[in-house]
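**Student:** Just so we're on the same page, my numbering is the position in the sequence shown counted from 1, plus 2. Even glycine gets a Cβ: it sits at the ideal position worked out from N, Cα and C. As the structure is a computational prediction, the values presented were derived from the model and not from experiment.
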Amino acid sequence: MPRRLDKVGCPACGLIRHRVPLASAEVAAIYDENYALPGQSSLADDARGEAYARVVAGALAGMPDLGRLLEIGCGSGATARFLAGMLPAHEIRGVDPALPGEFLGAVGKVTLARGLLEDQTGPAWCDFDAVVSINTIEHTPDPAGFLTAIAARLRPDGKAVVICPVANPANCELLFFDHLWTLSRAAFHAFAAAAGLRVAKTLALDKDLTCFQVFVMEKGDGAREPVAVANPDDAARYLAAWRELDDLWCDRLDVLGGRVQIFGAGQMAAVIRAYAPRTWARAERLVVDDPVDAWDLGRVERYVAEDHAHGYRTIVAVNPLVKAVIAERIRRDGGEPVVMPDTIQF
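1) Check Tyr314 in the structure and name its three-state DSSP category.
2) Distance check for Gly198 and Leu241, CA to CA, integer angstroms please.
3) Could you round the C-beta distance between Arg261 and Gly313 to whole angstroms and report it? I think they count as a contact, below 8 angstroms.
4) Answer yes if the region 43-60 comes into contact with the region 8-23, meaning at least three C-beta pairs across the two stretches below 8 angstroms, and no otherwise.
5) Measure from the alpha carbon of Cys12 to the alpha carbon of each residue in Cys166, Leu185, Arg239 and Ala271, then state which is nearest.
6) Tell whether a beta-carbon distance below 8 angstroms holds between Ala61 and Val163.
7) Would you report the Cα separation of Asp129 and Thr142, rounded to the nearest angstrom?
8) Check this for me: beta carbons of Met270 and Ala319, under 8 angstroms apart or not?
9) Which two residues bound the contiguous alpha helix (DSSP H) that contains Ser135?
10) DSSP state of Arg6, grouped into three classes?
11) To which residues does DSSP link Met342 through a beta bridge?
12) On a Cα-Cα basis, can you pick out the residue from Val327, Arg155 and Glu73 that is closest to Lys221?
13) Please report the straight-line C-alpha distance between Arg254 and Val324, rounded to a whole angstrom.
14) Give the straight-line distance between the Cα atoms of Val57 and Arg83, rounded to the nearest whole angstrom.
15) Is the distance from the Cβ of Ala192 to the Cβ of Cys76 below 8 angstroms?
16) Taking 8 angstroms as the CB-CB cut-off, is Lys9 touching chain C?
17) Let me know the alpha helix (DSSP H) ranges lying completely inside the region 221-280, each 4 residues or longer, listed in chain order.
18) Whole angstroms are fine: how far does the CA of Lys111 sit from the CA of Glu286?
19) Can you tell which of Gly300, Leu177 and Ile165 has the C-alpha that lies nearest to the C-alpha of Arg6?
20) Out of Ile264, Ile152 and Ile274, which one is the CA nearest neighbour of Ile136?
21) Which whole-angstrom value describes the C-beta separation of Asp144 and Arg116, a residue pair presumed to lie in contact below a C-beta threshold of 8 angstroms?
22) Let me make sure I understand the geometry here. Which of Gly79, Asp248 and Lys9 has the alpha-carbon closest to that of Leu106?
23) Among Glu28, Met65 and Thr138, which residue has its Cα nearest to the Cα of Gly96?
24) What does Thr204 pair with, by DSSP beta-bridge criteria?
25) Report the rounded CA-to-CA distance for Asp335 versus Ala30, giving the unit in angstroms.
26) Please report the straight-line C-alpha distance between Gln347 and Asn321, rounded to a whole angstrom.
27) What is the residue span of the alpha helix (DSSP H) that Thr142 lies within?
28) Beta carbon of Asp131, beta carbon of Leu68: below 8 angstroms?
29) Roughly how many angstroms separate the alpha carbons of Asp344 and Ala27, rounded to a whole number?
30) If contacts are defined as beta-carbon pairs under 8 angstroms, then Gly268 and His310 qualify, I think. What distance do you get, rounded to the angstrom?
31) Can you give me the Cβ contacts of Gly41 inside the same chain, cut-off strictly under 8 angstroms, excluding the 5 residues immediately before and after it?
32) Does DSSP put Asp335 in a helix, a strand or coil?
33) Return the Cβ separation of Ala91 and Leu71 in integer angstroms, given the expectation that the two are a contact with Cβ distance under 8 angstroms.
34) Check whether the Cβ atoms of Val55 and Leu17 sit closer than 8 angstroms, and answer yes or no.
35) Is it buried or exposed for Leu114, if we count other Cβ within 10 angstroms and need 16 for buried?
36) So is Thr123 buried or exposed if we call it buried at 16+ other beta carbons inside 10 Å?
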């Protein structure tokens, strides 16, 4: 994308978006045939799919007559496949514009299709007892319209479960250019009401999913008053920390001298490649515990503690929630970790 990341926050509701909205052609270009994030790492994708499936199953626990479920934006279908073993539903359908070809079609009670929701017509794609969407609404040009489309596929007594990144605390989800929105609770409630949905329950997640939130909705009016509004200043400080990161790390590496490697070869490494390009250019290689699970980001080798004797300085490119753990491991191995500052905690 030949565009700088430039986002703006609403001081009234906490909604964050691109200052200049993307044109339809720009959005479409992101999800062309080269968009392959769901297939970047099968092990990580399965782990993520199972974690989200447990959240969804918990959100729908106790729901009577849960026979048919639709997942919008199903990625590789990992969550749908795990849900098939967790829920009593006899039919689970999923749709995604970038669904990998090997997952197309029906296996057991799971049927996956490639395309947009509006392309899926006929009775097989209507009247669901539950509609689920995980980390999709932030990619859509019209969140209220997206929720309206969910409501249209839902039975009158059905439930919708939408999971998306939180607005507060500010976190790395803000950095993804294809996230057109970062939704505060207040903003989400407003979009849901516009779609004729009532937010019945909001769930905060923890551990690896700390930066995500869950909204359980039903058809109808009378949404509860949301909790405190997110603070756009928090996002501004967070983005400023990332803007300064490349200079900070380059200065640190100048002082340390020696060779440079990067620990990590997944999503956070890709983010660092985008936002700290001069630091990235200094690295000879990426190192991980299991190269098979690495993203295709360049030269990847297995992490070997003894290699620190060759003078490597190691950029820690992992989820900020575990950066301290990895840094301490590198120190124990005799290495010199270079970590993100405390201003980047999530």
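**Tutor:** Per the coordinate set shown:
1) Within the sequence shown, the letter at position 312 stands for residue 314. Reduced to three states, the DSSP call for Tyr314 is strand.
2) The sequence position of residue 241 within the sequence shown is 239, counting from 1. The sequence position of residue 198 within the sequence shown is 196, counting from 1. Roughly 34 angstroms between the two C-alpha positions.
3) Taking the sequence shown and counting its residues from 1, one reaches residue 261 at position 259. Taking the sequence shown and counting its residues from 1, one reaches residue 313 at position 311. Contact holds; Cβ gap of about 5 angstroms.
4) no
5) Translated into the one-based positions of the sequence shown, residue 12 becomes position 10. Nearest option by C-alpha distance: Leu185.
6) Numbered from 1 along the sequence shown, position 59 holds the residue referred to as residue 61. Numbered from 1 along the sequence shown, position 161 holds the residue referred to as residue 163. Yes. Within cutoff.
7) For the purposes of this step, residue 129 is taken as residue 127 along the sequence shown, with counting starting at 1. For the purposes of this step, residue 142 is taken as residue 140 along the sequence shown, with counting starting at 1. Approximately 22 angstroms between the Cα atoms of the pair.
8) For this step, residue 270 is matched to residue 268 along the sequence shown. For this step, residue 319 is matched to residue 317 along the sequence shown. Yes. Within cutoff.
9) Sequence index remark: in the sequence shown, residue 135 carries index 133 (1-based). For Ser135, no alpha helix (DSSP H) encloses it; the enclosing beta strand (DSSP E) starts and ends at Phe130 to Ile136.
10) Working through the sequence shown from its first residue, we reach residue 6 at position 4. Of the three classes helix, strand and coil, the one that applies to Arg6 here is coil, per DSSP.
11) In the sequence shown, residue 342 corresponds to position 340, counting from 1. The partner list for Met342 (beta bridge, DSSP) is empty, contrary to what the question assumes.
12) Here residue 221 refers to the residue found at position 219 of the sequence shown. Closest by alpha carbon: Arg155.
13) Translated into the one-based positions of the sequence shown, residue 254 becomes position 252. Translated into the one-based positions of the sequence shown, residue 324 becomes position 322. So the two alpha carbons sit approximately 21 angstroms from each other.
14) Indexing the sequence shown from 1 puts residue 57 at position 55. Indexing the sequence shown from 1 puts residue 83 at position 81. Approximately 14 angstroms, taken between the alpha carbons.
15) Numbered from 1 along the sequence shown, position 190 holds the residue referred to as residue 192. Numbered from 1 along the sequence shown, position 74 holds the residue referred to as residue 76. No. Outside cutoff.
16) This model lacks chain C altogether; it includes just one protein chain.
17) 234-258 and 269-277
18) The residue given as residue 286 occupies position 284 in the sequence shown. The residue given as residue 111 occupies position 109 in the sequence shown. Distance between the alpha carbons of Glu286 and Lys111: 47 angstroms.
19) Here the question's residue 6 lines up with position 4 in the sequence shown. The shortest Cα separation from Arg6 among Gly300, Leu177 and Ile165 belongs to Leu177.
20) Taking the first residue of the sequence shown as position 1, residue 136 is located at position 134. Answer by Cα proximity: Ile152.
21) Counting from 1 along the sequence shown, the entry for residue 144 is found at position 142. Counting from 1 along the sequence shown, the entry for residue 116 is found at position 114. Going by Cβ atoms, the distance from Asp144 to Arg116 rounds to 22 angstroms, so no, they are not a contact pair.
22) Sequence index remark: in the sequence shown, residue 106 carries index 104 (1-based). That would be Gly79, whose Cα lies nearest to the Cα of Leu106.
23) The sequence position of residue 96 within the sequence shown is 94, counting from 1. Cα-wise, what sits closest to Gly96 is Thr138.
24) As a first step, residue 204 must be located in the sequence shown, where it is residue number 202. Thr204 pairs with Phe217.
25) Along the sequence shown, read from residue 1 onward, the residue named residue 335 stands at position 333. Along the sequence shown, read from residue 1 onward, the residue named residue 30 stands at position 28. Looking at the two C-alpha atoms, the distance is approximately 46 angstroms.
26) In the sequence shown, residue 347 corresponds to position 345, counting from 1. In the sequence shown, residue 321 corresponds to position 319, counting from 1. So the alpha carbons of these two residues sit roughly 9 angstroms apart.
27) Position 140 of the sequence shown, counted from the start, is the residue given in the question as residue 142. Counted as a single uninterrupted DSSP element, the stretch harbouring Thr142 is not any alpha helix (DSSP H), since DSSP gives it neither H nor E.
28) Counted from its first residue, the sequence shown places residue 131 at position 129. Counted from its first residue, the sequence shown places residue 68 at position 66. Closer than 8 angstroms, so yes.
29) Along the sequence shown, one-based indexing puts residue 344 at 342. Along the sequence shown, one-based indexing puts residue 27 at 25. One C-alpha to the other measures close to 38 angstroms.
30) Numbered from 1 along the sequence shown, position 266 holds the residue referred to as residue 268. Numbered from 1 along the sequence shown, position 308 holds the residue referred to as residue 310. A Cβ-Cβ distance of about 22 angstroms is found for the pair Gly268 and His310, leaving them out of contact under the 8 angstroms criterion.
31) Translated into positions along the sequence shown, residue 41 becomes position 39. Any answer about Gly41 is weak, because its pLDDT of 48 lies below 50 and its placement is not dependable; what the coordinates show is given next. So the list reads Asp47, Ser78 and Pro102, once near-sequence residues are dropped.
32) One-based indexing of the sequence shown puts residue 335 at position 333. Residue state, collapsed to three classes: coil.
33) Along the sequence shown, one-based indexing puts residue 91 at 89. Along the sequence shown, one-based indexing puts residue 71 at 69. Confirmed, about 5 angstroms.
34) Counting from one through the sequence shown, the residue named residue 55 turns up at place 53. Counting from one through the sequence shown, the residue named residue 17 turns up at place 15. The sequence given here has Ala at residue 55, not Val. Contact: no.
35) Your numbering for residue 114 matches position 112 in the sequence shown. Counting Cβ neighbours within 10 Å, Leu114 comes out buried, since at least 16 surround it.
36) Numbered from its first residue, the sequence shown carries residue 123 at position 121. Exposed, since its Cβ has fewer than 16 Cβ neighbours within 10 Å.
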